[in-house]
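There are 2 protein chains.
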Amino acid sequence: MSELGRLRRDESEISSWDDACDVLVVGAGCAGACAALEAAASGADVLVLERAGGAGGTSALSGGLLYLGGGTAIQKACGFRDSAEEMFKYMMAACGPGPDEALIRPYCEHSVDHFEWLVRHGVPFRPAFFEGAHEPFTSDEGLTYSGSEHVHPFDRIARPAPRGHITQHRSSKGARLMQSLLGAVETACVPIRTQARCDALVTAPDGRVLGAVVKTVDGVRSVRARRGLILTAGGFIFNREMVASYAPLLRACKAKVGTENDDGLGIRLGLAAGGEAIHMEAGDISLVLFPPNQLRQGVLVNRAGQRYVNEDAYMGRLGELTVLRQEGDAYLVCDNEIFVRPELFPIELAAVGETIEEIESALGIPAPALQDTVAAYNRHAVERRDPLFHKGAHYVKPVETAPFAAIDLRTENAMYAVFTLGGLHIDAGGRVLAASGEPVPGLYAAGRTTSGVVKQGYSSGMSLGDGTFFGRRAGRSAATD
Amino acid sequence: MSELGRLRRDESEISSWDDACDVLVVGAGCAGACAALEAAASGADVLVLERAGGAGGTSALSGGLLYLGGGTAIQKACGFRDSAEEMFKYMMAACGPGPDEALIRPYCEHSVDHFEWLVRHGVPFRPAFFEGAHEPFTSDEGLTYSGSEHVHPFDRIARPAPRGHITQHRSSKGARLMQSLLGAVETACVPIRTQARCDALVTAPDGRVLGAVVKTVDGVRSVRARRGLILTAGGFIFNREMVASYAPLLRACKAKVGTENDDGLGIRLGLAAGGEAIHMEAGDISLVLFPPNQLRQGVLVNRAGQRYVNEDAYMGRLGELTVLRQEGDAYLVCDNEIFVRPELFPIELAAVGETIEEIESALGIPAPALQDTVAAYNRHAVERRDPLFHKGAHYVKPVETAPFAAIDLRTENAMYAVFTLGGLHIDAGGRVLAASGEPVPGLYAAGRTTSGVVKQGYSSGMSLGDGTFFGRRAGRSAATD
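Line by line, the protein sequences give chains A and B.
Using the numbering used here, the letters of the first sequence map in sequence onto residues 1 to 481.
Using the numbering used here, the letters of the second sequence map in sequence onto residues 1 to 481.
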C-alpha cells in the first residue's frame, strides 16, 4: 500500500488538463452506471472510466439481485405486503452492529421509487415468486427471500416480506442487469472509456478534488472533473495486504467474490484525498451449502457439538456466525433421510457412522456433547418445535435414521464466499466524508468502495441495492452540489 | 465530530509562534511521560501539555500493571522461565485477529530492557509472586498472571509465564507508577504545562506537522514543535458519538475505564493531520466477577444454556467472548459449595432453585439444555476433567449440591469494564502512519491514542506496557528523525 501517497497529486503537478468533463465516474459497475445516469439526467457532461477491458465489473458477475422493498409492484403482484417502516425495522435489526441509520432510512423510504427507476431504465423483473430458500437459482422469477426476514429472530422484529428483486434471466442475471444499465448509459450518450485506470486524484490546495490522472492505452492523461468525481470502483477482497491488515478474519474463506479489480484502489484513492474508511473489518461471508433445502433439516454444530443458529437462516448469516463467532469450525449432522449431496459445490464428509456417538467420536467432540445436542433436538422435533433456536417447523424433524453423516463445514474444507463491506464513509447524498464528518469537496462514492447500508448481517442484494441507490445519489450530488 | 476540520490549521494561519520547543508531547499519562523522558535523553528541548489540572491521566487511575516478559529480573527472582520468543508466541496467538507483528516483535524482543529502564527511572517492583488469578488485589507483590497464558488454549501454544509486572503499592498502584515517571520527568527538567489542551495541529503545505494551537489558562497560544509532536492523549471510551460510530458493541458495557479526557481528541487530531485510525471497533472488555476464584468452579453458560469458554480464562477473555460472541448474555451456574458473593462488586441472582431444572426454567432456557450441560460437565468433573473447554483441574468439581444459583452476567446487570483499543496507526518507531503506510512527517503517537500491540485478546498491562514502550520510541524518533 506504500504507493498510496502517489494516489494524490497536487494541482500544481498538472501543467494542463488533457480532457475535461463535469462529472467523472471511476468504475463502470452498477454504482458507476447509475451515478452516470443521474449525473447526466441532472444536465452534467459525464465521462465514465473503467480499468477492465469492458464495462460491468463485479456487478455483471453477480446474481443480479437487488434488496428492495416497501411495497414494490413486484411485491404487490406476488401478494406480499411490505412497507418502508417494516423494511427499516428489519435492516436496523439485521445490518449492525451499529447500523448506519443515516443511509438505511432513505434507502428504505425511497426503495419503491428506486425500483420503478430501475424498471424505467430497462431492468426486467418477472412478477413471480421463487419459493426456494434464497440461494442461487436458474429460473427467472423476480422475487425471493434473500435474507433472514422470515426466520428467527427477525420474523419477530419486523413483518416478513421477500425483498430480493431479481433481474429476469435464467443464468446470467447480473450480466442482464448491467446490460440494461449500460444500455441506458449509452442511450444517455455518456461515454465509457475502458482500459482506463484512475491512478491518482488531483486536488487543490484547499483539498477539493479537481480531477484524475488516468492510465489509458493512449498513455497517461489528466482529466478535469469540473463538478465532481465519483469513486465506484469495487471493494478490496482481492487485495491480500489490505485484507490482512483491515479484515484478517475474512482470510479464512476460500472463495473470493469479485474480480481482480476489487483490489481496493477506489478506497485507497479516496483515503489519499482525505476521505475516511470505516468498518473495514466487515465482510459478507456466505456459507454456500444449499440447495437442496432438505439439508436444513440437519443439525448445525460447532466444535463443541453445540448448535448456535437456526439452520434455516440466510446463508450470509450462517457464514458470518460460523466464521466470526465459531472460529470457522462447523459440521452439519444429518441422518439417512436428510442427507443428500448439495447441488452447487462438492462437500466433504467429516464423519459417517451408525450412531450419533460414532459421529461424535469421529469428530473428536468429547462425549456426550453431540449426543446431548441431537437428543435434545429430537425431543422437541417430534413436536416439530425448536425452542432453542426457533428453526421453522417445516425443517424440524428428528435426526434419528441411521446411518448418520457429518458434512464438513470448516472453512478450510467448505465453500464460504466472501467479499468486503467496509469502505469510504459517505453521507446519504453519496458525498465522501473525512474523519471530521465534513465532505471532501468534489469527491463522491458508492457501492463497495463505500461502507454502505450493511456492516454485518448481510442479505443478498444489499450491494447491488445500495450501489445503485447511492450511485444515483452520488451522481445527482456531483452534478448539482 | 464535526469540529474535526478545525483540528488542523495551515501554517499560514499562524502569524507568529508564541512558544517553541523541539518536541511537543500532548498528554501526560504513562506514554507521554516516557516519550518526554526519551526525547529529553536524546538531547531535545521538550514540553509536555496536559489538559487536566494535573498530570497522570488514566494511567494514574490504573492498576499500575505492565505486560512485560522475556526473562525479567522479577520473573527470574520468582522462579519463572520466560523468553522473548515464548512471549511473542503468546501475543501472536492472543492479540488478534491479525495481530500486529510489526509492533509485537520489538515489544517482546526488548521487553527485558524496557523493564530495566522502568526500574532505572524509579518504578518499584517487589520481587514476589501473587498467586491469585489476575484480578485487582491489594497486596504489593510485583508479578502475577495477567492474561490467559497458563490456561487453555494458550498453555498449549506457548510456555506459560506470568508477565503482569505490578508497580509496588498496596492501593494506588497506577498513581505510584506515574509518581515515579513524572518524578523522572521533573528530574530531567522537562516542564509539564497543565490545563493546556491541544486544540489543533498546525501543518505545512507539504503536510508536515509543525506545532499546535493550545488552549491554556492564559489564552490560546501557538507552540512550535521544531522536531516533532507526539500524541499521547488516551483513547475514546468517553466519546459517546465516536463509540457509537466506530465501536458500537462496546456500548453495552456499564463501566467505562478512563477519565473524561479519553474523548478521542488525540485520535481526532491525528486524523485531521492525515493519520489513519485502525481497528477502531476493538476494545478491552473485562468481566469483573472474581475474586474469589472459587466462583471459577461454576459453569458459565450463554442464553442457550451452553458453555463457551473455560471459566478460568482471564477476565478480559471472558468479557470479550461474552459481549462479542454471545450477545452479552451469560449466567454463572453455581451450587451451594461454590456460591459466594464476589468481593469487588455486587451481583444479581438471575435464578435460585433446588435443582438445575428449576434454574433452567427460571432462566427461560428450553429444557433440557442446561440440565444436559451441567450433567455433561459433572460426568467429567468427577475425574477433574473438562474435555470440552479444558478448564484447569483445580477448578473442576461437580456442580451438584443443592441449592443452586445462577449469577446474572448479562451486560445490563453485571460489571463489564471497557475501554477502547483502536486508534492511530503507528510504526515500531511510534511514527503516525497515513493510509498509504507512509509516516505523517513530524507526527508521533503512543498509548491508547494508537492501535497498539493488542486488538482483541487483551491481557492486563498491555496498555501501560505498550504506552510506555512505544512512548519511549516515539520520543526518540521525534527527537532524532
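Built from N, CA and C at the ideal position, the CB exists for glycine as well.
Item                                                                                                                                                              : Value
Which residues in the same chain have their Cβ closer than 6 Å to the Cβ of Gly264/A, if we skip the five residues on either side of it in sequence?              : Phe236, Asn239, Met242
Closest Cβ-Cβ distance between Asp481/A and chain B: below 9 Å?                                                                                                   : no
Is the Cβ-Cβ distance between Ala479/B and Gly43/B less than 9 Å?                                                                                                 : yes
Taking the CB atoms as reference points, tell me whether Val453/B and Gly437/B lie closer together than 9 Å.                                                      : no
Contact criterion: CB-CB distance below 9 Å. Does Ser2/B meet it with respect to chain A?                                                                         : Low confidence applies here, because Ser2/B scores a pLDDT of 41, under 50, leaving its location unreliable and the question unanswered by this model.
By the three-class DSSP mapping on this structure, what secondary structure does Ser180/A have?                                                                   : helix
Could you say if the segment 324-334 of chain A and the segment 286-300 of chain A meet the contact criterion of at least three C-beta pairs nearer than 8 Å?     : yes
According to DSSP, is Leu118/A part of a helix, a strand, or is it coil?                                                                                          : helix
Taking only beta-carbon positions, decide if Phe389/B is within less than 9 Å of chain A.                                                                         : yes
With distances taken from CA atoms, which of Leu249/B, Ala304/B, Pro346/B is nearest Gly319/B?                                                                    : Leu249/B
On the three-state DSSP scale, how would you describe Trp17/B?                                                                                                    : coil
By the DSSP assignment, the alpha helix (DSSP H) with Ile104/A in it spans what residues?                                                                         : 101-109
Bridge partners of Leu143/B, per DSSP?                                                                                                                            : Phe129/B, His165/B
If we cut at 9 Å on Cβ distances, does Asp372/A have a partner in chain B?                                                                                        : yes
Is there a Cβ of chain B sitting closer than 9 Å to that of Glu281/A, yes or no?                                                                                  : yes
What are the boundary residues of the alpha helix (DSSP H) that includes Ala39/A?                                                                                 : 30-41
Give a yes or no on whether 9 Å exceeds the smallest Cβ distance from Ala200/A to chain B.                                                                        : no
Where does Val399/B land, buried or exposed, given buried means 16+ other C-beta within 10 angstroms?                                                             : buried
Taking the beta strand (DSSP E) that Phe404/B belongs to, which residues open and close that run?                                                                 : 404-408
Which residue from Arg307/A, Val217/A, Ala376/A, Arg208/A puts its Cα closest to that of Pro441/A?                                                                : Arg208/A
Would you check if the distance between the CB atom of Asp372/A and the CB atom of Gly305/A is smaller than 9 Å?                                                  : yes
Do you know how far the Cα of Gly234/B is from the Cα of Ala31/B?                                                                                                 : 9 Å
Can you tell me which of Ile230/A, Pro162/A, Gly457/A puts its alpha carbon nearest to the alpha carbon of Gly132/A?                                              : Pro162/A
Quick one: which chain B residues come within Cβ less than 7 Å of Asp306/A?                                                                                       : Correcting the residue type first, residue 306/A is Gln in the shown sequence and not Asp. Simply Gln306.
DSSP three-state label for Ala313/B, please.                                                                                                                      : coil
Entirely within the segment 218-278 of chain B and at least 4 residues each: give me those alpha helix (DSSP H) ranges in chain order.                            : 240-246, 265-272
Pick from His121/B, Leu177/B, Ser148/B, Ser172/B: whose alpha carbon is nearest that of Ala188/B?                                                                 : His121/B
My output table needs one value for Ile359/B: the three-state DSSP class, helix, strand or coil.                                                                  : helix
Determine the closest residue to Ser83/B out of Pro97/B, Leu68/B, Cys95/B, with distance taken between C-alpha atoms.                                             : Leu68/B
Below 9 Å on C-beta distance, what does Arg268/A contact in chain B?                                                                                              : Ala435, Ser436
Can you give me the start and stop residues for the alpha helix (DSSP H) that Lys455/B sits inside?                                                               : From DSSP, Lys455/B is part of no alpha helix (DSSP H); its letter is neither H nor E.
Which residues, taken in chain order from the segment 287-319 of chain A, show a beta carbon closer than 7 Å to some beta carbon of chain B?                      : Ala304, Gln306
Can you find the residues in the same chain that come closer than 8 Å, C-beta to C-beta, to Ser2/A, ignoring five residues on each side of it along the sequence? : Confidence at Ser2/A is low in this model, with a pLDDT of 41, below 50, so the placement of that residue is unreliable and no value is reported for it.
Out of curiosity, what's the CA-to-CA distance linking Glu360/A and Pro366/A?                                                                                     : 7 Å
Should Thr232/A go down as buried or exposed, given a rule of 16 or more other Cβ atoms within 10 Å for buried?                                                   : buried
For the alpha helix (DSSP H) that contains Gly477/B, what are its first and last residues?                                                                        : The displayed chain sequence assigns Ser, not Gly, to residue 477/B. That run of the alpha helix (DSSP H) goes 462-480.
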